[in-house]
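K.L.:
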Ligand SMILES: Nc1ncnc2c1ncn2[C@@H]1O[C@H](COP(=O)(O)OP(=O)(O)OP(=O)(O)O)[C@@H](O)[C@H]1O
Ligand SMILES: [Mg+2]
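Protein chains in written order, with our numbering: chain A, 136 to 521; chain B, 258 to 771.
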């Protein structure tokens, strides 16, 4: 018995050291729960696959090859993942300010339509790429920032909860852009030459250069989105603005007392959050699609929520989580093709990941993970690190 | 040390050689203590001495590293507080654990619900609560919402909650820190009636007068170790204080005659509302000059909180005028007022004073993080912040393993010292303090009082709000009594008597025309 106790104590101490290393040295929050949640989801997914009569190893092997089986698969997976970084950052940044921004779905659309509109302006083709590309990215970013900023203003001025208002704004922009892109009479943003509803193609000068001709193609936008993650990490950890955001998120009363303009921080955080989604959308419009179609960003905002929570809102971990997410989606068709397991199984596994991350008590119980870190969803435990 | 006389006393709780360490701190070092049947046992010690930690182990919240706990002679190893409750142990925590939006009855039954079928049987609960209330003289209204109750009433709810679960060993962690003098007297009546009915009580407090009034035996902790156990008869306030702190403590505050200068705070006809929109400050006037301490006495709930918050810019004034250092500061933001040289020690430590999850260092710069010294072009200078924090922790004697630990691992008193250190540093000309020594040990109180007087002597105008009449009397140069949102009267501190102030506080007048 006591040797078990000693072993446990030893593991506890090692875990404590790792925790210190992760939080204090690398400044990463512990991600054990996330890692175990992924593992557990694949196990449960495997059970599911065998129930439908397929060998789960065959299925997973196909999935894995679809994800990273060769250079083109890898590039495709990465390309698929890039926009998720933006939609995940949209949740993560607001989360630090104590806000639950579930409006990335709408902020993507707002950013995407703005980028497509600006990119297709007739004078864009007169500009050199070095001007036109930043312009289209900034336009999308602004579109997202405004759409994210509105619930921020509503929260600050009227106290309207951002969960409610972002849901409403998601619907508003969704039906708004659908109408703008579908309508022939009057023509708003529809490309009348096209049989499918979409906007006019953007100017060639505003197209982000391609890196790899994969499916979908990997373009320069990846540098913008990966770079932003490090910028966000720096802003949150090292700047006065990041300090204000964190303080408001943890204790708005103390922030008010300490002279921080809480309302300003709320509006700014929501706008910055929306900007990340807008940037992701603009980068897709510019680098991948070349025009705007309402369906392009379907579910991308909600996937962002899952990714951000999987990364425990750590901006650098978001890169990894987004890569996992995007490549699973990118690899799923091969699994369907070779093992005859529906793509939806990947979706189910992803849903389980989110479930296990949110209901982390399940994972902690199964894998004996102590509550070393503060779960963003719960009050602090009393005992803390022991 | 005199030992407890009663040889027939039956121990209900024995703590033997308990040790508990946290990273970097030995919170309890080989602590032993026994609690006898029907006894009130006071646990004394400086902030951070390990009192709450020890009691949390008895209540099953922490597990000791080593040592034995016996309840009624039987060794116990609690995994959680549920097991402690099952053994008849109840605890009222230093920070209340009630849910503000629930009613009293709901809070009391929470975790111990009486059900009929799938439904909560609140009627039975209500009857049982009434019976308990009657039996021990604990008046509570089962249907009131906890958030609407005064702290004194919430305290009673906590007690009833423990009794509702049949606790006969009661641990009370600083129950009187937040009570008014009248409430304290009532509270002691209750405590005495509890022991007469066979309950045994461990009572933690920093107020030595209370200790001598109610304790049967007293155990003193210092830096995690027991430094003595004595009876109330064998002790004096001075002997206890010296034992706690390990040196001679001076109770009287020595201060020179005030030398007031120009008026730095001038408040005229101030009106303000509480969170529910009820006007609680209704035409308040005060003038505080440089180099004087103006004390505001009053029964809590007469507008103190709103008054202080409004003066410091945290709450809008609905009428009147606030002048600070000769400028009209009505409607200014907290930041703008702070930058003018106004420091504010808030009444509510955990709500306003600190960000619990932040390190001590970040809490020490909570309102100055943007100053040139700590940030350049928006980028924080970690080294400068740490350097400042290390210096302040040293200067203000904050007991902590380091400046980068989260502030909520500190004992309550040490958290308060961090706030005081932050606010008393820098170029201040006006200091607004509310309950600056609530929950502090005698040594720390002495220290903070000296700091406040030092500032006064340097020409700072101090507005002191305190529920502690002793504190008001010993620090203030002039004293005003706040009664129903107005200044009921101002007296010179030298002429003030407890009786006169008491009358003013209770009725708003001295009975005669002045
Ligand atoms: N969860 C924790 N993690 C780390 N250190 C802790 C924790 N809880 C308490 N400590 C440390 O243990 C010591 C004892 O703290 P404790 O709260 O028991 O003091 P106390 O005697 O109750 O003081 P006070 O009178 O101020 O309430 C302190 O140094 C404190 O910093
Ligand atoms: Mg304590």
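For glycine and all other residues, C-beta sits at the position ideal for the given N, C-alpha and C.
(1) Using a C-beta cutoff of 9 Å, does residue 195 of chain A count as contacting chain B?
(2) Less than 6 Å between C-beta atoms, sequence neighbours within five positions excluded: which residues of the same chain meet that for residue 407 of chain A?
(3) Report the option in A:488, A:496 and A:410 whose CA atom is closest to the CA atom of residue 175 of chain A.
(4) Does the distance between the C-beta of residue 751 of chain B and the nearest non-hydrogen atom of ligand 2 fall short of 8 Å?
(5) Can you tell me whether residue 500 of chain B is buried or exposed, with buried defined as 16 or more other CB within 10 angstroms of its CB?
(6) Using the beta-carbon count (16 or more within 10 Å), is residue 162 of chain A buried or exposed?
(7) When every heavy atom of ligand 1 is checked, does at least one fall within less than 8 Å of the C-beta of residue 535 of chain B?
(8) Do you know how far the Cα of residue 765 of chain B is from the Cα of residue 413 of chain B?
(9) For the region 219–238 of chain A against the region 300–313 of chain A, do three or more pairs of beta-carbon atoms, one drawn from each stretch, fall closer than 8 Å, so that the two count as touching?
(10) Between residue 448 of chain A and chain B, is any beta-carbon pair separated by less than 9 Å?
(11) Quick one: what's got a C-beta closer than 6 Å to residue 489 of chain B's C-beta in the same chain, skipping five residues either side?
(12) For a contact defined as C-beta to C-beta under 7 Å, what are the partners of residue 373 of chain A on chain B?
(13) Would you say the beta carbon of residue 322 of chain B comes nearer than 8 Å to a heavy atom of ligand 1?
(14) Under a three-way DSSP split, which group does residue 429 of chain B fall into?
(15) Can you determine whether any heavy atom of ligand 2 sits closer than 8 Å to the C-beta of residue 354 of chain B, and answer yes or no?
(16) Going by DSSP in three states, residue 443 of chain B sits in which element: helix, strand or coil?
(17) Ligand 2 and residue 273 of chain A: does the residue's C-beta get closer than 8 Å to at least one heavy atom of that ligand?
(18) Check this for me: beta carbons of residue 197 of chain A and residue 461 of chain A, under 9 Å apart or not?
(19) Is the beta carbon of residue 402 of chain A closer than 9 Å to that of residue 245 of chain A?
(20) Any beta carbon of chain B sitting closer than 9 Å to that of residue 500 of chain A?
(21) Quick check on residue 178 of chain A: buried or exposed, where buried means 16 or more other Cβ atoms within 10 Å of its Cβ?
(22) Quick one: any contact between the region 739–757 of chain B and the region 541–556 of chain B, if contact means 3 or more CB pairs under 8 Å?
(23) Between residue 686 of chain B and ligand 1, is the CB less than 8 Å from at least one heavy atom?
(24) Looking at C-alpha atoms only, which residue of B:483, B:514, B:517 and B:511 is the closest neighbour of residue 502 of chain B?
(25) Using only alpha-carbon positions, find the residue among B:526, B:518, B:534 and B:456 that is nearest to residue 416 of chain B.
(26) Residue 190 of chain A: buried (16+ other C-beta within 10 angstroms of its C-beta) or exposed?
(27) Is the distance from the Cβ of residue 320 of chain B to the Cβ of residue 269 of chain B below 9 Å?
(28) Quick one: measure Cβ to Cβ for residue 700 of chain B and residue 510 of chain B, integer angstroms, because I've assumed they're closer than 8 Å.
(29) Starting from the beta carbon of residue 391 of chain A, find every residue of chain B whose beta carbon is closer than 9 Å, and list them in chain order.
(30) Looking at C-alpha atoms only, which residue of B:707, B:622 and B:698 is the closest neighbour of residue 301 of chain B?
(31) Looking at residue 230 of chain A: is its Cβ nearer than 9 Å to the Cβ of residue 384 of chain A?
(32) For ligand 2, which residues count as neighbours when the test is a C-beta closer than 7 Å to any heavy atom?
(33) Just the C-alpha distance for residue 164 of chain A and residue 240 of chain A, rounded to the nearest angstrom, thanks.
(34) Is residue 298 of chain B close to ligand 1? I mean its beta-carbon at under 8 Å from any heavy atom of the ligand.
(35) Are at least three pairs of beta-carbons, each pair with one atom in the region 303–310 of chain B and one in the region 277–289 of chain B, less than 8 Å apart?
(36) Which residues in chain B sit within 8 Å of residue 382 of chain A, going by Cβ to Cβ distance?
P.N.:
A quick look at the data gives this:
(1) Mapped onto the first chain, residue 195 of chain A falls at position 60. Residue contact with chain B for residue 195 of chain A: absent (no Cβ-Cβ distance below 9 Å to any residue of chain B).
(2) The sequence position of residue 407 of chain A within the first chain is 272, counting from 1. Around residue 407 of chain A: 228.
(3) Position 40 of the first chain, counted from the start, is the residue given in the question as residue 175 of chain A. Per the Cα distances, A:488.
(4) In the second chain, counting from the first residue as 1, residue 751 of chain B sits at position 494. Remark: the shortest separation between the CB of residue 751 of chain B and any heavy atom of ligand 2 does not fall under 8 Å.
(5) For the purposes of this step, residue 500 of chain B is taken as the residue at position 243 of the second chain. Per the 10 Å Cβ criterion, buried.
(6) Within the first chain, the letter at position 27 stands for residue 162 of chain A. Model confidence at residue 162 of chain A stands at a pLDDT of 47, short of 50, so the residue's coordinates are unreliable; what they give is reported in the following sentence. Exposed.
(7) Locating residue 535 of chain B in the second chain gives position 278, where the first residue counts as 1. Incorrect: residue 535 of chain B has no Cβ contact closer than 8 Å to ligand 1.
(8) Reading the second chain from its first residue, position 156 is the one you call residue 413 of chain B. Reading the second chain from its first residue, position 508 is the one you call residue 765 of chain B. Taking the straight line joining both Cα atoms gives about 27 Å.
(9) Taking a contact to require three or more Cβ pairs closer than 8 Å, the region 219–238 of chain A and the region 300–313 of chain A qualify as touching.
(10) Working through the first chain from its first residue, we reach residue 448 of chain A at position 313. Answer no: the Cβ-Cβ gap between residue 448 of chain A and chain B never drops below 9 Å.
(11) As a first step, residue 489 of chain B is located in the second chain; it is residue number 232 there, counting from the start. Closer than 6 Å at the Cβ level, and outside the excluded window around residue 489 of chain B, lie 469 and 472.
(12) The sequence position of residue 373 of chain A within the first chain is 238, counting from 1. Those are 636 and 637, listed as they occur along chain B.
(13) In the second chain, counting from the first residue as 1, residue 322 of chain B sits at position 65. Answer for residue 322 of chain B: no, Cβ out of range of ligand 1.
(14) Residue mapping note: residue 429 of chain B aligns to position 172 of the second chain, counting from 1. It is a strand residue.
(15) As a position in the second chain, residue 354 of chain B is number 97, starting the count at 1. Not under cutoff, so the answer is no.
(16) Numbered from its first residue, the second chain carries residue 443 of chain B at position 186. DSSP places residue 443 of chain B in helix when its eight states are reduced to three.
(17) Reading the first chain from its first residue, position 138 is the one you call residue 273 of chain A. Ligand 2 never approaches residue 273 of chain A closely enough for any of its heavy atoms to be under 8 Å from the residue's Cβ.
(18) As a first step, residue 197 of chain A must be located in the first chain, where it is residue number 62. As a first step, residue 461 of chain A must be located in the first chain, where it is residue number 326. Taking the C-beta atoms as reference points, residue 461 of chain A is found no nearer than 9 Å to residue 197 of chain A.
(19) Numbered from 1 along the first chain, position 110 holds the residue referred to as residue 245 of chain A. Numbered from 1 along the first chain, position 267 holds the residue referred to as residue 402 of chain A. For residue 245 of chain A and residue 402 of chain A, no; Cβs fall outside 9 Å.
(20) Position 365 of the first chain, counting from 1, holds the residue named residue 500 of chain A. Residue 500 of chain A does not count as touching chain B.
(21) Mapped onto the first chain, residue 178 of chain A falls at position 43. Result: exposed.
(22) Because the criterion of three Cβ pairs below 8 Å is met, the region 739–757 of chain B and the region 541–556 of chain B touch.
(23) Mapped onto the second chain, residue 686 of chain B falls at position 429. Every heavy atom of ligand 1 is 8 Å or more from the Cβ of residue 686 of chain B, so no.
(24) Position 245 of the second chain, counted from the first residue, corresponds to residue 502 of chain B. When each option's Cα is compared against that of residue 502 of chain B, the closest is B:483.
(25) Working through the second chain from its first residue, we reach residue 416 of chain B at position 159. Measuring from the Cα of residue 416 of chain B, the nearest candidate turns out to be B:456.
(26) Position 55 of the first chain, counted from the start, is the residue given in the question as residue 190 of chain A. A residue is called buried when at least 16 other Cβ atoms come within 10 angstroms of its Cβ; residue 190 of chain A does not meet this threshold and is exposed.
(27) In the second chain, residue 320 of chain B corresponds to position 63, counting from 1. In the second chain, residue 269 of chain B corresponds to position 12, counting from 1. No.
(28) Within the second chain, numbered from 1, the residue matching residue 700 of chain B stands at position 443. Within the second chain, numbered from 1, the residue matching residue 510 of chain B stands at position 253. Actually they are not in contact, since the Cβ atoms of residue 700 of chain B and residue 510 of chain B sit about 14 Å apart, beyond 8 Å.
(29) For this step, residue 391 of chain A is matched to residue 256 along the first chain. Result: 571, 591 and 609.
(30) As a first step, residue 301 of chain B is located in the second chain; it is residue number 44 there, counting from the start. Nearest to residue 301 of chain B by alpha-carbon distance, out of B:707, B:622 and B:698, is B:698.
(31) Within the first chain, the letter at position 95 stands for residue 230 of chain A. Within the first chain, the letter at position 249 stands for residue 384 of chain A. It is a contact, given that the beta carbons lie within the stated cut-off.
(32) Counting every residue whose Cβ lies closer than 7 Å to a heavy atom of ligand 2, we get B:308, B:309, B:351, B:430, B:431, B:461, B:668 and B:669.
(33) Here residue 164 of chain A refers to the residue found at position 29 when the first chain is read from its first residue. Here residue 240 of chain A refers to the residue found at position 105 when the first chain is read from its first residue. The predicted model places residue 164 of chain A with a pLDDT of 48, which falls under 50 and marks its position as unreliable; any figure quoted below should be read in that light. Rounded to whole angstroms, residue 164 of chain A to residue 240 of chain A spans 26 Å at the Cα level.
(34) For the purposes of this step, residue 298 of chain B is taken as residue 41 along the second chain, with counting starting at 1. Not so, every heavy atom of ligand 1 lies at least 8 Å from the Cβ.
(35) Cβ pair count under 8 Å is three or more, so yes.
(36) Translated into the one-based positions of the first chain, residue 382 of chain A becomes position 247. Result: 612, 615 and 623.
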